[in-house]
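Below is one structure, written out as structure tokens, with a few remarks after it.
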Amino acid sequence: MNVKQQVQNLLDFIDASPSPWHVVKTIEAQLATQTPAWERLDETAKWALQPGGRYYVVRDGSSIVLFVQGQKPLVETGFKIIGAHTDSPGLRIKPNAASSGDGLLRLGVEIYGGPILATFTDRDLSLAGRMSYKNDQGDIASMLVKFDQPLLRLPNLAIHMNRTVNEDGLKLHKQSELPLILSASTEEQLPQAYFSALLQQQADMAATRILSWDLAVYDTQKGAFWGAENQFYADSQLDNLASCHAALQALLADDTQSDSTLVCAFFDHEEIGSGSSKGADGSFLPDVLQRIALSTAEGSEDVARALAKSFMISADMAHAYQPNFPNGYDPDHKVGINKGPVIKVNANQSYSSESVSAAMFADWCEQAEVPYQIYSHRCDMPCGSTIGPITAAKLGIRSIDVGSPMWAMHSIRESAGVKDHEYLIRVMKQFFAAP
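Throughout the sequence shown, residue numbering follows the working numbering, covering 1 to 435 in sequence.
This is the structure:
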């Protein structure tokens with residue numbers, strides 16, 4: 001697969017995955033096509049793991065851990081882990097969302113994470129996520145839903161009523177100015193009943209069986225290449241599905257009998273702090289790693305010994321320099337598009353990188369013939385964080401924070417470089433293959 005094909009594969013991956021629950025479904029669909037086969041493990045069942053076996057575990061539908069059991073004992077090799085996240089900032093539909101007035105039916109939303117709200121205006125928006133319902137046996141079940149057609153819109157206020165918008169920027173009141181227009185309404189339509197009927201039609205079941213939902217707003221525009229020579233690409237959710245995709249490709253490319261146990265851990269809820277049962281600050285990854293270790297452990301200290309020999313790459317996108325906005329960057333730490341993965345450094349441990357892990361990653365890049373860059377945030381601006389410091393602290397393992405450079409992080413339409421995605425996949429393959 002050439003460089004452009006890899007990015008097209010990424011765009012197809014993102015466009016099939018408009019919510020964290022769809023991300024996991026898309027990954028499972030890809031695993032189903034692989035040989036040797038991947039086995040889904042149930043957290044409530046006893047595991048019987050075999051050297052060379054390929055397994056994955058899903059928690060609550062939107063977080064997934066995949067691993068290839070190594071040929072050698074864990075106490076000799078440790079775990080090789082790549083972590084990323086399945087969620088992206090945006091808008092989520094409120095429980096009692098529908099309201100009507102002034103001849104329009106609107107849906108109320110809640111802000112999820114830290115999106116650039118202005119980028120959600122004047123876009124062809126729709127809904128995707130999961131619904132929980134009572135099945136024919138009377139049990140609670142869940143199903144994925146996705147409205148393919150543009151269903152919603154947030155029309156901008158015309159400049160004639162907002163004369164200073166180009167000087168002051170678009171500022172949206174989070175409570176009163178974000179409800180999305182769904183339909184023209186009539187006096188006969190009850191808003192909640194109308195919205196329930198839409199869900200009923202999409203799910204093909206009686207509205208009385210639908211009990212609750214988790215619905216995200218997504219942009220229906222497909223991903224695309226852009227630039228005079230198609231050097232760039234744009235889509236929603238590059239932060240952080242590009243990292244998930246790169247790690248998955250590196251893991252699936254490993255068709256050897258690896259000595260080490262290779263792990264990809266993709267978490268939901270990173271954008272809101274990771275503090276949940278399926279987030280990086282929860283027990284999901286420690287539970288899985290402990291069960292892997294215990295399945296092959298010979299002594300009570302083997303789990304700790306295995307973790308002490310482990311390493312994690314925390315993969316999350318990085319801020320590429322945008323020359324129109326030079327004041328947003330440290331002038332000595334500009335990173336460029338299509339110039340290789342970025343090692344992210346922060347003295348206050350917003351990133352987990354330190355000199356040893358940075359040197360190790362730089363060495364893997366050199367072995368893979370991949371250029372790399374180093375990023376440090378401006379000291380007079382707050383720095384974002386990742387799952388890296390959280391997971392490194394929870395597990396006690398060495399870690400580094402890296403990512404492909406991108407523009408417009410947390411916009412509904414983000415951009416990155418075609419070469420950088422291939423670079424990241426290549427160095428991740430080198431990490432998994434390294435002794």
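Where is the CB? At the ideal position from N, CA and C, for every residue including glycine.
Is the CB-CB distance between residue i and residue j below 8 Å?
{"i": "S357", "j": "S399", "result": "yes"}
{"i": "D239", "j": "G223", "result": "no"}
{"i": "S310", "j": "I81", "result": "yes"}
{"i": "L10", "j": "A242", "result": "yes"}
{"i": "I93", "j": "A246", "result": "no"}
{"i": "L74", "j": "T261", "result": "yes"}
{"i": "G70", "j": "S258", "result": "yes"}
{"i": "W21", "j": "S62", "result": "yes"}
{"i": "L215", "j": "G129", "result": "yes"}
{"i": "H377", "j": "P115", "result": "no"}
{"i": "Y372", "j": "C365", "result": "yes"}
{"i": "P326", "j": "V370", "result": "no"}
{"i": "L251", "j": "I397", "result": "no"}
{"i": "Y194", "j": "L105", "result": "yes"}
{"i": "P150", "j": "L170", "result": "no"}
{"i": "I412", "j": "F79", "result": "no"}
{"i": "Y351", "j": "D401", "result": "yes"}
Using only the alpha-carbon positions, how far apart do residue i and residue j sit?
{"i": "M317", "j": "H333", "result": "16 Å"}
{"i": "F225", "j": "Q231", "result": "7 Å"}
{"i": "G83", "j": "D302", "result": "23 Å"}
{"i": "Q349", "j": "D122", "result": "38 Å"}
{"i": "G451", "j": "E270", "result": "Since the first and last residues shown for the chain are 1 and 435, residue 451 lies out of range."}
{"i": "L127", "j": "A297", "result": "46 Å"}
{"i": "V165", "j": "Q221", "result": "25 Å"}
{"i": "D12", "j": "Q34", "result": "18 Å"}
{"i": "F147", "j": "S212", "result": "17 Å"}
{"i": "P382", "j": "N346", "result": "11 Å"}
{"i": "S135", "j": "P95", "result": "Note that residue 135 is Asn in the sequence shown, not Ser. About 21 Å."}
{"i": "L39", "j": "D330", "result": "First, the amino acid is wrong: residue 39 is Glu here, not Leu. Straight-line Cα distance between these residues: approximately 46 Å."}
{"i": "G282", "j": "A45", "result": "20 Å"}
{"i": "V23", "j": "F267", "result": "11 Å"}
{"i": "Q175", "j": "D254", "result": "48 Å"}
{"i": "V68", "j": "S142", "result": "28 Å"}
Taking all protein chains shown into account, decide if residue i is buried (16 or more other Cβ within 10 angstroms of its Cβ) or exposed.
{"i": "T77", "result": "buried"}
{"i": "S185", "result": "buried"}
{"i": "T386", "result": "buried"}
{"i": "G403", "result": "buried"}
{"i": "M1", "result": "exposed"}
{"i": "A48", "result": "exposed"}
{"i": "Q137", "result": "exposed"}
{"i": "E110", "result": "exposed"}
{"i": "Q430", "result": "buried"}
{"i": "K25", "result": "buried"}
Residue i and residue j look like a contact to me (Cβ under 8 Å); what is the Cβ gap, rounded to whole Å?
{"i": "S274", "j": "A265", "result": "Wrong, their Cβ atoms sit about 12 Å apart, outside the cutoff."}
{"i": "K339", "j": "Y375", "result": "About 11 Å; that fails the 8 Å criterion."}
{"i": "D60", "j": "K278", "result": "5 Å"}
{"i": "A368", "j": "V427", "result": "5 Å"}
{"i": "L154", "j": "L190", "result": "Not a contact, Cβ separation roughly 23 Å."}
{"i": "Q192", "j": "V145", "result": "Contact doesn't hold; Cβ gap of about 17 Å is too wide."}
Using a Cβ-Cβ distance cut-off of 8 Å, determine whether residue i contacts chain D.
{"i": "T386", "result": "Protein chains in the displayed structure number just one, and chain D is not present."}
Q | Residue ranges of each beta strand (DSSP E) within the region 61-104, 3 or longer | A | Counting whole runs of 3 or more residues, the region 61-104 contains the beta strand (DSSP E) stretches 63-68, 79-85 and 90-101.
Q: Any chance you could list the beta strand (DSSP E) runs of at least 3 consecutive residues sitting entirely within the region 324-401, in chain order?
A: 342-344 and 373-375
Q) Quick one: complete alpha helix (DSSP H) runs, 4+ long, within the region 168-250? A) 191-203
Q) At what residue ranges does the region 7-51 contain a whole run of the alpha helix (DSSP H), taking only runs of 4 or more? A) 20-31
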